[in-house]
Structures are given as C-alpha cells and as structure tokens.
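Step one of this worksheet: look at the structure below.
Chains as they are written, first to last, in the numbering used here: chain A, 138 to 305; chain B, 813 to 1561; chain C, -12 to 428; chain D, 3 to 251; chain E, 14 to 194.
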C-alpha cells in the first residue's frame, strides 16, 4: 500500500514531509514540480555519489585517450612530418577530449544509477506533480501505519489523498 | 510469449523474408563488376604481359630529327623518351617530342579515307574505302599521265627527309612531273643562303655550342625553336656547368626575350631589323681593336669601314661601350660562337645579317674549331632534300600556277600552307582553281579541310621510315624510324600510299617502284648503302646489321670526320658583306609598332596545337595556356592605357587580328610580339578556334637575297576594342618579393 | 524580472507547453518553407557536388579551402555561446540564465550539427569519412592522432555528445511535464523520454549534481573546441594563419557571435512564441553588456594579430597583412571591423540596449561581421602563401553561396522541429525564479 | 625489458627513422635550367596527369606535379627572367604529413613523402599546409577523350575526384629498379638506375636524382656544390631537393 | 495514478521484434549471397577443370601460366596453347567443352574467362616477386588442383595481404607504397 497526498502549497508539503520523517516513515518520496532544497535536506541526501562516477569517468577517459592514441599509432607505424611515433603534445589533446567525453558519459551513467531512472516499474504518481502540486508518497507502510500517515498528511493540509495498491 | 497467433507468425515470416531478399540484393549491389580475363589467341613472340619494351624510332614533331625511345606495354605506346644512343637527342626529349603520343592517340585523327561531299572547305566529308579512294586518284593521275599532262600533277609536302623524299621524287619523276616541292615555314632558307655565300656549303654546319665559351646569339632561340633545340639544350647545359671551373657565357640579341634570352647572361634589345648591323659593328670593333690577327686584316677593316661602333650605336640603339665590350669578349674568349636566327633571319635583310654574323665567326677564328662552327660532312644519304624547299617564292609560283589553272591534281602531305602563309597571298583562294586536291594527312588541318579526298596517313609512330638529321652532328648519321605500335585505324603510312598509287596508276611506275611496302623499300635502300660502303655484303651480315640498327634506332660513324671541310676564303666572305638593315612594311607614323611574331616552344609553327598536352603546357615565358596574346612593354602599355586582358585590334597593312594584351617586361618598347601556333580554323578539337595566327597579318615583304618571306618586317598599330578577355595563365605574382626562393644571392626584391 | 507580473506554476506549464501542443497552419507553412529552402539551397547543390566533385565549388589550386570551411567555423562559433554560457551561468548561479538557456543550448546543438554538415560538404570523398574515426577496421589502419583535424574530430564528437546530453538532461523534468499534459502516443513517448521522471527529491538531487558536473565538463570542452578549430589553421605555417593568438581569438570570436546569436534567437522566441513574460528586459540588458565586453576583447585581439604580423616583419606576413587590409577583400575586412568592433559600441547606450528591435539589428550585424571574419581568414591567407608565383585568388561559386544560405534554413528547420518537441523554456527553472506560493498570501 | 626500452626510445625519436634505407634526393641546377618545360610534359605522360581543359585552367584547377615558376628581376632593359622548377620537395619534416587525419600521406623508409590516393578522403589540409604548393587536388573525375586513355601508364593509378595527388619521385620507376635489382641478386639499386621522368627528359641535364645516402652517387656530389640551397629553408621543412643557384656573371 | 516506462514501451514490442527479425534476415541474406551467388566462383565460358589438368594429368601450374615467374601477371594460356595439347589428345576431342574450345579456336577468338582473382587498379601486385620469394601458388589461390571450377579462397583484400607480409617479415612489407600505386 502507498499513500499519496497532494499539496498546493510548498510549506504545507514540507511540514507533512518533516512530520512523516520524524514519525519513522523512511520510504517517503517527495514529488515537486521544481527542485526544493528543503525537501532534499529533510531526506538528508547530502553529497550525491554522482561525483564519484564523474571522477572515475574522467580518469578512465584520460587513460584510454592516451592509450588509444599511442596504441593505434603503434599498430601501423607511419611516421609523419618528422615527429616521433608517440608524440606527447598532440596526444595530450586527444587525452583531454577523451577525459571530458568519458567524464560526461560516466556522469550520465551515474545519474541513471543513482536516481534509479529509467524507472521500469510502476510507481505511484500524480500528474499534477509536474505542474503545480507538491506530492508526498509514503510507501511500504505497514497496514497499521497507513492511517497514521494519512492523518499526518491530512493535518498538514493536503487537498487530496489517494491510496495506491503497490505493484499495480 | 506464450502463444503466437497465425497472423503474427506470418508477419514475422514476412519480415524475415524481406530481410533475406534485402540481404541478397545488398550483396549483389556491392558485388564487383565481372572483369574478364582475355587470353591471346596466338601470343606474339616477345610478348610479356605487364613488362614494358622499348622501341627506338625518330621523332617527327619538328625537323630536328631526334632519336626517341617509345615505351610499349601490351601493344600500346605509353611514353616517349630520348634515345640514349642517338647523337642528336642523347636520351633527352623536349616537351613537343613527348607529346607525340597525343598525336598517335589523338581523338581527332582521320580514321578512314574521306571524300568531300559538300562545298570545298565546308568540312563535309564522307567515309569511303581505300579501294575507292585509290582508284579515284589512280585513274585521275593515270589519265593525265596517258595524256602526257602529268606535269599538271603537283606534290607539296612538308620537310621530308630520308628515303621517303627519294620515294616521292621517284614517283613524281616516273609520273613525268617535276613539280615536287616542300614547304616548311620554319625551314632556315636565309641561313642556308647565307652559309652558301659565306662558306660555299649546301649543308648546314654544326654549331658547337657545347664547347663554346662565349655564345652570341642574334635572335636565334636555340633553346626553344631554332634548328635542334634538344641538342642545343644539352650543349647549353654543358656550356654552363659541364666544365670544371669554366662557365660559358651567352648573350642574346633580340627585341623580345625568348627562352634563350631568359637563359642568357645578357639580353640586348637592339632596334628591330638592325641586328645584322650590330654584328658588323662588333666586327668593326674586333678588327679595329686588334683582336683579329689574320693576314687579311686590312681587307676586313676596309670592308667594315662604314660600320664604326659609334655609327652602329646610333642606328641600333645599343651603346657604343656595349658594342666594344662585346667585341672584346668575343675576340678574346677561347671559343666564341655567333649564331643567327629568329627575327634576325626574317627581315628583308636576313641573308645580309646572317652573313654579318658569319663574318664575326670568321674573325673570331672559330671555323672548324671546337666551340665554333664545324662543317658537316655530306650526310649519309639523301642530302638533297633541302633543295626541294619551295621557299616563299616557290609558294608564290605554285599559287600563280594554281590560279592560272595549271594544276589539275594537287597532292598535299604534312604541310599546312593555308595556315602558315600570310592571308593576302591567297593560297586558299588559289586552291579553289584546282580540280582535285588530295591530302595525305593524319589530321584535318586547314589545308586538309580544303581537300576533295583525304587519304589518311599513319603517324610516324606507326610507320617505317628513315631520317638524316639536318644539321648533322659533325659526322654522318642516319636513323631508322619503325612502327612501335600496330596501326590504330584504317590508315596507311604515306610511303605505302605512294607505292599503292604507283601500282594503281600503272605503266612503268610499278615496275620501277616494285616494293610492296615502305619497309621493303627502306630495307633495300639500306642494304644498298651498306653494300656501297664496302662491306662484305653477305646476306647474313646485313641482316645482323639491320637488326642492330633497328634496335639502336640509329646508325652512324661517330667521330669519323669533323672539321676537315675547307675553310672558305675570306675574300668571298668579304665580298658578301652588305648593309644589313631591314625595311618594314607600313609607315612608322601610321603603324607605330613593329610586329614580332615568334615561334613558340610549345606549338612550334602551329603543328603542335592539336596536342592537348602542349595546349596545357604553360608558355615558358608567360605561363599562358590555351590562347594567344600580344605582348607589350609595360611602359608602352601604360602610355596607351592598356591593361592585361584588354582586347586589341592589331592591324597591319595586310590585315588585322583581335587578341588580348599581355604586359611583358622583357620586350622593347615599340615592338609588339604575338606567338605563332594558335589561331587554327580547323585541326581538331584542341586547336580549333583558339587564339590568332599572326602569320596571317604579315605583309608579304621578302628577303632581298633568298626570296624568303620576311615575316618579322611588318609594322602594326594597336586599337583598343573595349572588350576584355581573361588571359589564362598559371602564374600568380612574378616577383620574388624578397623571399628566399632563387637562392641566397639571387633574392632581391 | 517579469515585465508583465508573475505567473503561477500552472500558468508557466500552460504557457510553455502550449507552444508544443498547439500547432497552427503558420507553423507548418514556416516549417515547409525552411525545409524546402534547405532542400533546394543546401541538399540539391550538395548532391550535385557529390556527383561532380568538389570542383563545383569555387576553390582552386591556390585556395583549396573555401567558404565551406569558413561556414564551418562560423557555425562552430555560433554554437559557442549556448552551452558554454548556460554552463558558466549555471555554475555562477545567475538567475537570468534560466529562461533563455534551453534555446541557447538548442542553438549550440543545431549549429554544431550544421557545422558538421559543412565538414561533410567540404570533404572530397565524404563517403569515406568513417576513416577519420577511431573505429576498428579491416585495414588495421587507424586515424592519425597527430593531425589537427583529428583533434577536431575528437573535439566536435565530444562536444556534440556532451551538449546533447546537457540539453537532454536539463529537459528531463520538462519532458515529464509534457507527458503529464498529453495523452495517447505523445504521452507514451514522453514517458520514455522522461525516463519515468516523477520529480522526487532524490531525483532532483541527483539531477542537480549531475547537471553541475556536466556544466563543469562542458566549460573547458567548449573552450577547447574552438581552440582546436583555430589550430586547424594556426598549426599550419601559412602566413596570416600561423599565429599563437589564434586560439583565444577564435574562442572569443565564437562566444561573441554566439551571444549575438542568442539575442537573435531570444527575439524570435519572444516575438513568435509569446514568451514576453519570461524573456524580459533583464535578459537583454545582461546580454547587451556581455556583447560589449566580448566586442572589446575581440577588437583587442584583432589589433594584436595585426601587430604581431607587422612586428614579425617577414615578407610573408607583411604581404598577407597588406592583402588583408588593402587587397581585393579589404572592403569585407573593413566591413567586419565596422560590424564587430564599432557597431557593438552602440550598445553602451541604454536606449539601444533596452530596445529589442535595435538589439536584433545589432546582433545580426555582428554575426554578418563574424561570418565575414571567417571568410577573410580562409580567403585572404592561403591563396597567398610563400611562393609568389603560386599566388592565386578565391571567389565562392554560386553553389557555395547557395549552400551557405541553405545552412541557415537547416538551422531554422531544426529549431522549428525543436520547439515542437522540447519545451523551449525550462519550465522547472522558471518556476525556481518565481516566489513560492504561500497560503497566507 | 631492455628491448622494450629500446623500442620506446625508437618510438619517441623524432622522425622515427635512424637512417633512411635510400634517401632519394634531387638536385636542380638553376644555372642549367632553361625553363623549357620538357619535365612538365614528361611528368604528365608518366604519371597520368589529366588533361583538364581550358575552363579548368581558367579556374586554376590544373594539375602539374612539376611546374616551372617564373620570376622577373629588374625592369627593362635590365630585366631578367628566372626559372625555378617546383615539385614536391619530399621534406623530411613535412608540414603536410602531420595534417592528414587518415595517414594518406606519411614518410616512408626511403625518405619519400608518400601520398596513397586510395586512402585520401579529401580534406585538402595537406595542400594548405604545404609551403611549396605542390599538392594538387582532383576537383573532378577527369576523363580522357577516347582513345587518349590508351597512353595511360598502367603502373600509375588514375585518380578519382576528391583525391589529393602530388609528385612521387616516380615511385613506379623506383619500384621497377628495385625489382630488377632483386632479380640480379643485388640488394641495392645502383646509382643512375632510378631516373624519374622529369630528370630523364631534362634536355640540359639540370636535374640529377639519386640516393644521397650513397656518398658515391652523383647526386651526393652535386649536393656538395657551394651553390646549393633549399627553397624556403627558414621554414625548417628539410626538403630533399637541393637547388643550385644561378650564377651571376 | 502511477507511472512506468515499461508500460509505455509495451506496445512497441511487436514492431521492435519484427525489426529484429528483419535485421536478422538481412544478415542471413547477405551471408547466403556471399556463399552461393558471389563472384568467388563464377561460371566460366568453358567448364575448365583444374582437377583434371593439374591432378589427374599432373601438369605443373607454370606450364600454362607461363608468365608467373617472370612478369607481374601470371597470364592465362593462349587459345593456341590449349589447342596445342588438345590437338594431340584424341580421347576427349568430342567432349562438349572441348568442342567449345575448338569453336573459339576456329573463330580465332579469345575465350572470355571471368576473373576470379581481381585486384583493384590502385594495387601494385607482381606474381614474379612472390614466386621468386618461394611462395607456392596454393598459398594464395588455395588448392586449385582439386577444384573443378575455380573458387577464390582468399579475400585478396588489404588486411589479408598485410597479415601475410607481417607474418613473413617482408622487408618494408608494411610500407603503403609497396602495394599501392
């Protein structure tokens, strides 16, 4: 079972979220049409692990960039313009571009992993959440806790509450 | 995925099927075209696929007679190079020689006998068979012969040497016509006449530029067009850098800088038509300054009295100092040589000028000396070809005869008088009076276009022949020309045509001219020569000799005789000295400029214009391709407000041409130069309707002594037409702008 | 910030999405026009050129590079402001960015694509263009990473990838908004496009971090891309191209023309998509100030370039300089100086800076000037290199001119398609700039 | 390990080669050169250069692997014309080679600046980078008027549109000479066995070609001439062609 | 209310599968073409069997391909060469394929053999060098003596050449100008 409560006002929504959190509900999703720092603070999200992906990508990119330039130059040795086969300055440019390319790609990968997107499975959602409604979703609440959650949401001033069957 | 409906299954099968078909079609589309592997039916003996063979023969692109080697792969000619054992070319070739391949594989070659079906000169030709063509000609000439009117048959050809000349002569003799003439615009008639006067010899001497130390050239573009350019170039290279520590010097005297002028250390633009006078001035200084020590010194100083440097200087506009300096250098150098040609040999004073130059050589004591003039021995055979040169006078006679209706049949081979004669002599119009004109030609040039019947000749690369280079190289030499490829089209070598005609005409002709082909004829003649020279004359031995000669392409006696010809007496030379100042057609006030037509290294006298490689070869001095131009001194152009590309009417008393202007820094003010070679009205796609032909507007003044056309003695005026035309040239900016391009010492802005 | 009063959240959605969801006949006509112009002016000449050879263009022996390459640099340059500006402003947290950055980034992407098209048009044998990519191949032969062109290949590929990802990631929440506002196939498509985005705090959090990292990567990338493009020229030894100043010169010029391009695009968005509410005076003002700064830097570098040519004093450089300043193409040079160095100074006047119409004219003039600049670089230097005898001349053929025009149509077509597929203004970021709705208000 | 280090050193060595197998070199004596352009036609014949036609010439699209540059000095009457044959200089530090993104041009073990036509994708960068402007682009697929195509040299490929081409020092002749040397069980080609078409034709013998690694070769002796210089030497392209200046008298 | 990407993807399953089948079909088609319809073993104007000549009658390769060891081209035997032998082999004189040969000979026409091994124009290849280096014909052409109709065994493409040159350590064997012209 999941409960969804929709709010018209940001402050009510945050209040509900805070209360739910302090009441021990951990599977809370806070849906908002715009990023809300407060909501992220409530969930104590802190620093995102995406940055590790970026760093890893950049390092892998740098190494593979230089390696690619070097290795391909050695596969078929064709000297040009009196330069060495392994010429560092131009290869550094390749390295630089590959660093960025891999950094970006890995960051993208990181975003997908960390945010859990694309979300294949059904998840409770209100379409007004992308427009002007703030939605609190409480999932995985035990049957006895549902009513309590609903009460908290209603008290905070939700204008609409829905119960959604899980895995629907 | 529990159950798939029948409908779904069909869809999947359909998709798969389309895929497979698509795949097969893709495979088919990327498949290479079927290439065939065609074997020989019967392989030729010395055939190796993919391996080149070389055949030696003789170049026919100009009269120099260079030996060439042609590279053959799978029966096709691929490249022409010089024949290394040939004494004229010594393994080298000029651009024109290389372009011989373009002549062989020219798309505009005449491929079958043609008969004119429209108005004469309209270019409406119809293909006919050889039988038909030969019967027509044979019966026509045969009838004339029976009627004893064979002298109404005339044969006009270009410069033909070797045994082909003999064949022609024999043919005409047997026919009973003595009207066998040659006409070649570039034939050095004046030089021959002058040499005859100075040295009493009919054979052109050998000018030993190679060993000269000081070369004084009066208008002779010896590196580009004069007599034997490849041989002279070889000599020039040696003159400059071939001797350790001794670099020869060259001086060029001409109103417009030629290729040789560019190569010279000093280029002197004397007043046009006074070059001979300058030579006499130098001669005067030579004698008076004491550089001449001969016993006849007094006689010379008397003869040259009238040509003191100061007087000559005023006349030629060359400073007195310069004349004295030239005389000193000429007189004191170990091997000095003076030559004359080009415009110097094309004024009304041509012979007198060359005689003056010959006098210089005599005074410098270089006759029969290394680095001087070496008198050629009699050539190996057929020495008389030159005597059949019609010259300009001969052509006028021919025109007269044609106009008078004295010519019934005109055979033309390898010469293009319609192009290479001034317009106002009326060769073309005169041709209208000839009932039958037969052209023996490979290309439809202007003269061929006028023919009633064209008998297509094979090119020189498909024909048998032989040649004696003229001038020789100081010793007797003969070259063999052999077909290097199988005949491409339904053409015949010109000799074979003559032999066929002889058979066709009948009578005593086939009895005397019994050879089936030119090859047989040549071989027999060579055998006779061989026997005459006192060899054993055994069959076996001649065959070996013949094979060796064929392989080498040349046969000669190197170093046999050089300079053992008697040096003529000076009295005859002194007597022949005459005042060499050219007259000009046209009044100076009406026609302020002297027209300087010049032969180009690219087209020679225009015969190269149908070869695409030559059309695409930038003119060596101006880098212009495809077209004509008139060269003006920058100062002159400035005064007249003419810019490059302005189209001018160049008008002479004899006619006018319309041609764009080109500013040329190395031309004398008061002289305008137009290259010869373009301006063809026919002659195939590459030559046709391109540029102008300056010969057409040359006034018909003649050299007083040789009777040759004085083609450099015409005055012109220029008129701006207001049109502009892009002159196509490859050069950008022709100044170094101070950049390090020509070497450390040569780069000044 | 909002000239016409603050809209509500729902209004933002409606305003922005209506552009996508409601399509009138005018749009189709416009799209039809741009597409046919692109087809007739760009693709038909190109196909002709593919059959005939690059000789269809006006290039020749002395000037083997022509207008295709100047167009290439121009479009690469135009691409510069979008993503770069967006990233810089994102990092520096400038709020005025939010309304304009989406279209700016789109501009980047599309001008980059147009630029890539010009590489294709330029190549002699474009059907073998894959040889310049490091992909395993049967010949065992790889591209030459020592070649400046390979730097280009790598840089542009990276740039194209990174800026597509950048614009896409920034649009994911807005795709969700599109999804929620539509039904049927569109809804299904946008569900996929938005990866099932719900707007949870975790998703926002991750997106925020990832987006910042993209921005961090994109800034040096954008700088490197145009530096590398300049090295195509500067790594040659051709007088007039072999300058160390070229990289900053190109980067600065690129941002300059890109910013001017943004002004033009802003104008169109405002005018034709009725975004007056979101794109206001503050944007124009900020962009105007940026333009002045860039123009001054650009002028400075230009003077420096002339100076170093003159100070070098070699015949080669002096000749190149002289030809540039007084030769056949000198009028174009001075036109460029006028448009890029003097015209932007007008922006100093507030009256001009605050007028949309005047700024439009100035921005277009700047880009005309910048297109000229690129043309001058190509056309004045390489036909006059070291050997005077090989000096030549280059003039574009009508095919090149047509393709140049057609490229603008391609760009416009892509943009027109873009506004129907992606919200042209970032919905959620505009919302960030709004004051939150309060119960007590 | 030591071989690895050795190899690495080799790969890091500028120019890569310790010594060229052959170092094909040409000397051009400007004191002999008369600008007759026999070399241009020889090259055209040997290397299947197209006949481009008047229109293409007007557009400056001609292809001449060797051309004669003309420079005037002074003004009338003391005017002089200087010719200098310009062909690919086969620079050891060639600017063009690094420009190619697909290795269509590189430096081979014979010291030749190569151009593999079939690899070229037509970026034309090499032509821009070349200070001597001796690289020529095929703006079109050129055809020969039948039957002129019969004279095409089968040892040299016919280039299609979109491909850069240039002087190869007549690589096909080098190849044939090496082939003959192998047939004779010689490892090395003798001096004078390889003669490019331009050198072969030159009527003044201004051009000399050979292997400058061989001190006995004619070309090595010519290179020692004090008149020797290289065009645009200050660009440090180390050309393989040595010019000998014209002598002033 | 809920949201799911999978849901959105579901209706596209069948088109995607169909597309997959199509692509698979393309590969199958291309393979089939390459295997059975390609130019690797074309039908020749005369069903000449190397099996009969080279194995049964033990004729060495260079008896017919006479140029192989001295020119770049191996060469197909001339029609006269074929006839030279077949005139003296009465046993097969009436064979229909031989009659074809005789017909060509009598018309003095060459036999239009279809090339099986064809190199593009830009490749320089010489049989001479390869044979003199001691390569057997079979190394490139495969077991020709066992073939009734000739089939191309090797790809004759660049990597195939380069691999062999690398393996055998050919001097300058990887220099592009060794094989390109």
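We treat Cβ as the ideally placed atom computed from N, Cα and C, and that holds for glycine.
#1: Which word fits residue 1188 of chain B, buried or exposed, when buried means at least 16 other C-beta atoms lie within 10 angstroms of its C-beta?
#2: Helix, strand or coil: which one does DSSP assign to residue 1018 of chain B?
#3: Is it buried or exposed for residue 1575 of chain B, if we count other Cβ within 10 angstroms and need 16 for buried?
#4: From this set, D:239, D:194 and D:55, which residue's C-alpha is nearest residue 63 of chain D's C-alpha?
#5: Which of the residues in the region 131 to 157 of chain D, read from start to end, lie with their CB under 9 Å from any CB of chain B?
#6: Could you tell me the distance, in whole angstroms, from the CA atom of residue 124 of chain E to the CA atom of residue 847 of chain B?
#7: Given this structure, state the Cα-to-Cα distance separating residue 132 of chain C from residue 1412 of chain B, to the nearest angstrom.
#8: Can you name the residues of chain B whose CB is closer than 8 Å to the CB of residue 377 of chain C?
#9: Which residue wins for smallest C-alpha separation from residue 38 of chain C, given the options C:348, C:182, C:111 and C:213?
#10: Which residues, in chain order, does the region 6 to 39 of chain D contribute to contact with chain E at a C-beta distance below 8 Å?
#11: How about residue 301 of chain A: is its C-beta nearer than 8 Å to some C-beta of chain E?
#12: If the cut is a Cβ gap below 8 Å, which residues of chain D does residue 1141 of chain B touch?
#13: For the beta strand (DSSP E) that residue 92 of chain C lies in, which residues bound it at each end?
#14: Is any beta-carbon of chain B found at less than 8 Å from that of residue 131 of chain E?
#15: Using the C-alpha atoms, what's the distance from residue 1288 of chain B back to residue 1372 of chain B?
#16: Can you look up residue 1038 of chain B in the DSSP assignment and give me helix, strand or coil?
#17: Whose CA, out of A:216, A:284, A:185 and A:235, lies closest to the CA of residue 192 of chain C?
#18: Please identify the residue among D:98, D:14 and D:38 whose C-alpha is closest to the C-alpha of residue 241 of chain D.
#19: Report buried or exposed for residue 1183 of chain B, applying the criterion of at least 16 other Cβ atoms within 10 angstroms of its Cβ.
#20: If you run the structure through DSSP and keep just helix, strand and coil, what is residue 114 of chain C?
#21: Check whether the region 240 to 248 of chain C and the region 335 to 354 of chain C are in contact - that is, three or more C-beta pairs closer than 8 Å.
#22: Which bits of chain E does residue 179 of chain C rub up against, with CB to CB less than 7 Å?
#23: How about residue 1260 of chain B and residue 1514 of chain B: do their beta carbons lie closer than 8 Å?
#24: Which full runs of the beta strand (DSSP E) of 3+ residues lie inside the region 897 to 936 of chain B, going along the chain?
#25: Taking DSSP as the reference, what is the three-state secondary structure of residue 120 of chain C?
#26: Under 8 Å, CB to CB, which of the residues in the region 851 to 866 of chain B have a partner in chain E?
#27: What residues match up with residue 192 of chain E in a beta bridge as DSSP calls it?
#28: Would residue 114 of chain E count as contacting chain B if we go by Cβ distances under 8 Å?
#29: Hey, residue 1544 of chain B and residue 379 of chain C are a contact pair by Cβ (cut 8 Å); roughly how many whole angstroms apart?
#30: Measuring only between beta-carbons, confirm whether residue 315 of chain C sits less than 8 Å from chain B.
#31: Less than 8 Å between the CB atoms is what I'm expecting for residue 86 of chain E and residue 126 of chain E, so what's the real figure, rounded?
#32: Around the Cβ of residue 1551 of chain B, are there at least 16 other Cβ atoms within 10 angstroms (buried) or fewer (exposed)?
#33: Whole angstroms is fine: what's the gap from residue 227 of chain A's alpha carbon to residue 96 of chain D's?
#34: In or out: residue 1486 of chain B buried (at least 16 other Cβ within 10 Å) or exposed?
#35: So, under 8 Å CB-CB, residue 160 of chain D and residue 134 of chain E are touching, yes? Tell me the CB distance rounded to an integer number of Å.
Concretely, from the data shown:
#1: Against the second chain, residue 1188 of chain B aligns to sequence position 376. Looking at its Cβ environment, which holds 16 or more other Cβ atoms inside 10 Å, residue 1188 of chain B is buried.
#2: In the second chain, the residue the question calls residue 1018 of chain B occupies position 206. Residue 1018 of chain B: strand per DSSP, three-state reduction.
#3: In the structure displayed, chain B extends from 813 to 1561; residue 1575 of chain B sits before or after that span and is not available.
#4: Position 61 of the fourth chain, counted from the start, is the residue given in the question as residue 63 of chain D. Closest option to residue 63 of chain D, Cα to Cα, is D:55.
#5: 146, 147, 148, 149, 150, 151, 152, 153, 154, 155, 156 and 157
#6: Position 111 of the fifth chain holds residue 124 of chain E. Position 35 of the second chain holds residue 847 of chain B. Answer to the nearest angstrom: the Cα atoms are 13 Å apart.
#7: As a first step, residue 132 of chain C is located in the third chain; it is residue number 145 there, counting from the start. As a first step, residue 1412 of chain B is located in the second chain; it is residue number 600 there, counting from the start. In a straight line, the C-alpha of residue 132 of chain C is about 50 Å away from that of residue 1412 of chain B.
#8: For this step, residue 377 of chain C is matched to residue 390 along the third chain. By Cβ distance, chain B contributes 1544.
#9: If you number the third chain from 1, residue 38 of chain C lands on position 51. Checked all of C:348, C:182, C:111 and C:213; the closest Cα to residue 38 of chain C is C:111.
#10: 23
#11: Here residue 301 of chain A refers to the residue found at position 164 when the first chain is read from its first residue. Chain E, which has a Cβ nearer than 8 Å to the Cβ of residue 301 of chain A, makes this yes.
#12: Here residue 1141 of chain B refers to the residue found at position 329 when the second chain is read from its first residue. By Cβ distance, chain D contributes nothing, its closest Cβ being about 11 Å from residue 1141 of chain B, past 8 Å.
#13: Your numbering for residue 92 of chain C matches position 105 in the third chain. First-last for residue 92 of chain C: 88 to 109, but that is the alpha helix (DSSP H), not the beta strand (DSSP E).
#14: For the purposes of this step, residue 131 of chain E is identified with residue 118 of the fifth chain, where counting begins at 1. At least one chain B Cβ lies under 8 Å of residue 131 of chain E.
#15: Locating residue 1372 of chain B in the second chain gives position 560, counting from the first residue. Locating residue 1288 of chain B in the second chain gives position 476, counting from the first residue. Bear in mind that a pLDDT of 49 at residue 1372 of chain B, under 50, signals an unreliable position, so the number given afterwards is only what the model happens to contain. Approximately 8 Å, taken between the alpha carbons.
#16: Looking up residue 1038 of chain B in the second chain gives position 226. Three-state DSSP puts residue 1038 of chain B in coil, outside helix and strand.
#17: Position 205 of the third chain, counting from 1, holds the residue named residue 192 of chain C. Nearest of A:216, A:284, A:185 and A:235 to residue 192 of chain C, Cα basis: A:185.
#18: Residue 241 of chain D sits at position 239 when you count from the first residue of the fourth chain. For the residues D:98, D:14 and D:38, the minimum Cα distance to residue 241 of chain D belongs to D:98.
#19: Counted from its first residue, the second chain places residue 1183 of chain B at position 371. Classification of residue 1183 of chain B: buried, given that the 10 Å Cβ count is 16 or more.
#20: By 1-based counting over the third chain, the position of residue 114 of chain C is 127. Note: residue 114 of chain C maps to helix in three-state DSSP.
#21: yes
#22: Mapped onto the third chain, residue 179 of chain C falls at position 192. Under the 7 Å cutoff, chain E gives 18, 21 and 22.
#23: Residue 1260 of chain B sits at position 448 when you count from the first residue of the second chain. Residue 1514 of chain B sits at position 702 when you count from the first residue of the second chain. Contact flag unset, no.
#24: 926 to 928
#25: Within the third chain, the letter at position 133 stands for residue 120 of chain C. Three-state DSSP puts residue 120 of chain C in coil, outside helix and strand.
#26: 851, 852, 853, 854, 855, 860, 861, 862 and 863
#27: Here residue 192 of chain E corresponds to residue number 179 of the fifth chain, with the count starting at 1. Looking at the DSSP assignment, residue 192 of chain E forms no beta bridge with any residue, so it has no partner.
#28: On the fifth chain, residue 114 of chain E is found 101 positions in, with the first residue counted as 1. Judged by the 8 Å Cβ criterion, residue 114 of chain E is not in contact with chain B.
#29: Taking the first residue of the second chain as 1, we reach residue 1544 of chain B at position 732. Taking the first residue of the third chain as 1, we reach residue 379 of chain C at position 392. With a Cβ gap of about 6 Å, residue 1544 of chain B and residue 379 of chain C count as contacting.
#30: By one-based count along the third chain, residue 315 of chain C stands at place 328. Chain B, which has no Cβ nearer than 8 Å to the Cβ of residue 315 of chain C, makes this no.
#31: For this step, residue 86 of chain E is matched to residue 73 along the fifth chain. For this step, residue 126 of chain E is matched to residue 113 along the fifth chain. About 13 Å separates the two Cβ atoms, so there is no contact after all.
#32: Locating residue 1551 of chain B in the second chain gives position 739, where the first residue counts as 1. Buried, since its Cβ has 16 or more Cβ neighbours within 10 Å.
#33: By 1-based counting over the first chain, the position of residue 227 of chain A is 90. By 1-based counting over the fourth chain, the position of residue 96 of chain D is 94. Near 16 Å, if we compare the C-alpha coordinates of residue 96 of chain D and residue 227 of chain A.
#34: Within the second chain, residue 1486 of chain B is the residue found at index 674, counting from 1. Residue 1486 of chain B should be labelled buried.
#35: Locating residue 160 of chain D in the fourth chain gives position 158, where the first residue counts as 1. Locating residue 134 of chain E in the fifth chain gives position 121, where the first residue counts as 1. Going by Cβ atoms, the distance from residue 160 of chain D to residue 134 of chain E rounds to 7 Å, so yes, they are a contact pair.
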